[in-house]
Amino acid sequence: MQKFLILFLLTALAVFFLGGFLPYWGLMLAVAFIAFFVGAGAGSSFLASGFSFGIVWFSMVIRILAVTSSALPQQMADLMGLKNDNLLWFATALLGFMIGGFSGMTGSLFKKLFEKKYEGVYRR
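According to the UniProt record's numbering, the residues represented by the sequence shown are 1 to 124, in order.
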């Protein structure tokens, strides 16, 4: 649980502060490195970084819409054939969850490649 919370907070901070400077694949690499060094399991890395990434992207979408009050989301929803532009918010959060989750799981599983495995007493 402690590694889960550490990974959740570090991922949220990285996505929030680096999100304006890096493309999504740069954020994926950053999350994978964070998950590599935190050392949580694959499942908890997926959930922690996925929820963190998704929540940060969702909050950034809401903050940008509140500050700018732009008509762009409604126009994009019209182009996509959606009647409600709020579905784009949830699509952004879902995409953030998937991107963050899989990059966190990748970092966790990459660490397992370098862990020494116990082969027994006789090492066949």
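Note that CB positions come from ideal geometry on N, CA and C, so glycine has one too.
Check: Buried or exposed (CB count within 10 angstroms, at least 16 for buried), Trp57; Outcome: buried
Check: Unbroken alpha helix (DSSP H) run spanning Gly96, endpoints; Outcome: Asn86 to Phe114
Check: Proximity winner among Phe46, Leu5 and Pro23, relative to Ser108 (alpha-carbon distances); Outcome: Phe46
Check: Phe37, buried or exposed, once every other Cβ within 10 Å from all chains shown has been counted against 16; Outcome: exposed
Check: Thr106 classed as buried or exposed, judged by whether at least 16 other C-beta atoms fall within 10 angstroms; Outcome: buried
Check: Rounded C-alpha distance that separates Leu94 from Glu115; Outcome: 32 Å
Check: Closest by C-alpha distance to Phe53, when choosing among Met28, Gln74 and Ala77; Outcome: Met28
Check: Minimum C-alpha distance to Met98 - residue among Tyr24, Leu87, Lys117 and Leu113; Outcome: Tyr24
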